[in-house]
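Colleague:
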Amino acid sequence: MEYEGRYKQFQQQKFDCLLFDLDDTLYPLSTGLAAGCLKNIQDYMIEKLGIQESKITDLSNLLYKNYGTTMAGLRAIGYDFDYDDYHSFVHGRLPYDNLKPDPVLRSLLLSLPYRKVIFTNADKMHASVALKRLGLEGCFEGIICFESLNPTHKSTVSDDDEEDDDFEFMGSKSSPSNNSEIFDIIGHFSEPNNGMSGLPKTPIVCKPSETAIEEALKIANINPHRTLFFEDSVRNIQSGKRVGLYTVLVGKSQSVKGADYVLENIHNMREAIPELWEAVKVTNEAYYNNGVPVETYVTA
Ligand SMILES: [Mg+2]
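Position 206 (the sequence shown) corresponds to 206 in full-length UniProt numbering; numbering is contiguous.
Right, dumping it as structure tokens:
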């Protein structure tokens with residue numbers, strides 16, 4: 001009878017997976033990593049892609065807004081670059097020293113007997129460095145990151161002038177402004193009647209695209225209807241809601257359409273979502289007897 005009672009409670013549990021964004025969700029915006037990231041992306045656009053400095057703010061805003069990430073937007077409008085080179089430039093100089101071990105969050109996470117998975121647009125290297133700095137290694141079953149959703153891409157533009165150029169020309173590091181292959185997105189939006197239609201597509205798969213979220217759920221074998229998705233980005237929350245996830249907006253004090261819960265800080269999980277702990281006593285034993293740890297879902 002005791003077994004039946006436990007089984008019934010297990011069945012009534014609303015969630016069986018917690019899906020977490022990483023940046024600005026598991027640590028606060030005040031660390032300065034997001035600002036550092038933006039600065040490095042803009043430096044990359046100037047130094048590596050040769051984009052005029054005067055255009056950088058407008059261009060990066062438009063690309064981020066319309067493509068999910070500036071990187072996805074740069075590829076869409078015709079810039080060609082090595083993904084690993086981009087990531088190492090953008091993340092290599094981040095103020096990682098500002099990320100301190102968070103034993104409070106670690107103990108909260110470890111007290112929750114659910115599958116726990118990271119879903120980030122960043123690359124695998126950044127995710128593992130950040131999680132290590134936060135002292136959250138071993139808290140997650142796996143990491144879905146940039147490489148999980150996007151095949152490796154090396155620039156088709158050679159860095160070596162003496163090397164024969166056997167590749168299709170897609171962009172130029174020396175004179176990109178003369179390159180008619182680059183779509184003028186600033187010009188596009190300066191026309192009053194132009195909207196998102198007519199924009200070139202990006203080959204990069206990332207949040208907030210619903211396709212990206214659905215692909216991530218498939219890779220990690222996650223049922224959205226039994227999963228709580230923690231995110232600081234309003235548009236990612238809204239896409240997550242559209243694919244059926246329960247959602248938690250993190251780092252904000254006001255809720256938005258599409259958010260089932262709102263937390264000013266990830267440390268407030270217990271107060272804001274007490275039902276997560278209600279099933280703890282019942283399921284603890286069962287989960288740890290059956291859970292199989294997995295490293296990452298990186299497929300690239
Ligand atoms: Mg984030």
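Idealized CB from N, CA, C, for every residue including glycine.
In this text, all values refer to a predicted model and were calculated from it rather than measured experimentally.
Mind checking residue 31: buried by the 16 CB within 10 Å criterion, or exposed?
Modeller: In the sequence shown, counting from the first residue as 1, residue 31 sits at position 31. By the 10 Å Cβ count, residue 31 comes out buried.
Colleague: Straight-line CA distance for residue 34 to residue 97?
Modeller: For this step, residue 34 is matched to residue 34 along the sequence shown. For this step, residue 97 is matched to residue 97 along the sequence shown. When rounded, the distance between both Cα atoms is 14 Å.
Colleague: Is the stretch 191 to 209 in contact with the stretch 85 to 102, if contact means three or more CB pairs nearer than 8 Å?
Modeller: No: fewer than three Cβ pairs fall under 8 Å.
Colleague: Do you know how far the Cα of residue 189 is from the Cα of residue 197?
Modeller: Walking along the sequence shown from the start, residue 197 turns up at place 197. Walking along the sequence shown from the start, residue 189 turns up at place 189. Those two C-alpha atoms are separated by around 11 Å.
Colleague: According to DSSP, which residues form a beta bridge with residue 247?
Modeller: In the sequence shown, residue 247 corresponds to position 247, counting from 1. Paired residues: 229.
Colleague: When you compare only the Cα positions, how much space is there between residue 138 and residue 87?
Modeller: Taking the sequence shown and counting its residues from 1, one reaches residue 138 at position 138. Taking the sequence shown and counting its residues from 1, one reaches residue 87 at position 87. In a straight line, the C-alpha of residue 138 is about 24 Å away from that of residue 87.
Colleague: Looking only at C-alpha atoms, which of 182, 82, 229 sits nearest to residue 261?
Modeller: For the purposes of this step, residue 261 is taken as the residue at position 261 of the sequence shown. It is 229 whose Cα lies nearest to the Cα of residue 261.
Colleague: Which residues in the same chain as residue 264 place their Cβ atom closer than 6 Å to its Cβ, once the five residues preceding and following it in sequence are excluded?
Modeller: For this step, residue 264 is matched to residue 264 along the sequence shown. Contacts found: 253.
Colleague: Where does residue 217 sit, in a helix, a strand or coil, going by DSSP?
Modeller: As a working note, residue 217 is residue 217 in the sequence shown. Reduced to three states, the DSSP call for residue 217 is helix.
Colleague: Measure how close the beta-carbons of residue 276 and residue 112 come, nearest whole angstrom, since I'm counting them as under 8 Å.
Modeller: As a working mapping, residue 276 is identified with position 276 in the sequence shown. As a working mapping, residue 112 is identified with position 112 in the sequence shown. Contact holds; Cβ gap of about 6 Å.
Colleague: Which parts of the stretch 57 to 81 are runs of the alpha helix (DSSP H), unbroken and 4 residues or longer, counting only runs that do not cross its ends?
Modeller: The qualifying runs are 70 to 76.
Colleague: Out of curiosity, what's the CA-to-CA distance linking residue 22 and residue 106?
Modeller: Indexing the sequence shown from 1 puts residue 22 at position 22. Indexing the sequence shown from 1 puts residue 106 at position 106. Rounded to whole angstroms, residue 22 to residue 106 spans 14 Å at the Cα level.
Colleague: To the nearest angstrom, how far is it from the Cα of residue 29 to the Cα of residue 135?
Modeller: Here residue 29 is taken as the residue at index 29 of the sequence shown, counted from 1. Here residue 135 is taken as the residue at index 135 of the sequence shown, counted from 1. Distance between the alpha carbons of residue 29 and residue 135: 18 Å.
Colleague: Should residue 144 and residue 219 be called a contact, given that it needs their Cβ atoms to be closer than 8 Å?
Modeller: Mapped onto the sequence shown, residue 144 falls at position 144. Mapped onto the sequence shown, residue 219 falls at position 219. Result yes, Cβ atoms of residue 144 and residue 219 sit closer than 8 Å.
Colleague: Return helix, strand or coil for residue 129, following the three-state DSSP convention.
Modeller: Counted from its first residue, the sequence shown places residue 129 at position 129. If DSSP states are grouped into helix, strand and coil, residue 129 belongs with the helices.
Colleague: Between the alpha carbons of residue 119 and residue 187, how many angstroms are there, rounded?
Modeller: If you number the sequence shown from 1, residue 119 lands on position 119. If you number the sequence shown from 1, residue 187 lands on position 187. Residue 119 and residue 187: Cα-Cα distance of roughly 34 Å.
Colleague: In three-state terms, what does DSSP make of residue 256?
Modeller: One-based indexing of the sequence shown puts residue 256 at position 256. Three-state result, residue 256: coil.
Colleague: At a cut-off of 7 Å, is residue 30 close to ligand 1 when judged by its beta-carbon and the heavy atoms of the ligand?
Modeller: By one-based count along the sequence shown, residue 30 stands at place 30. For ligand 1, not one heavy atom lies less than 7 Å from the Cβ of residue 30.
Colleague: Whose C-beta lies closer than 8 Å to the C-beta of residue 93 among residues of the same chain, with five residues either side of it excluded?
Modeller: Locating residue 93 in the sequence shown gives position 93, where the first residue counts as 1. Cβ neighbours of residue 93 beyond the five flanking positions: 36, 40.
Colleague: For a quick check, are the C-beta atoms of residue 17 and residue 226 less than 8 Å apart?
Modeller: Mapped onto the sequence shown, residue 17 falls at position 17. Mapped onto the sequence shown, residue 226 falls at position 226. Contact flag set, yes.
Colleague: Below 8 Å on the Cβ atoms is my contact criterion, and I expect residue 251 with residue 24 to pass it. Report the Cβ-Cβ distance as a whole number of Å.
Modeller: The residue you call residue 251 lines up with position 251 of the sequence shown. The residue you call residue 24 lines up with position 24 of the sequence shown. That pair is a contact at about 6 Å.
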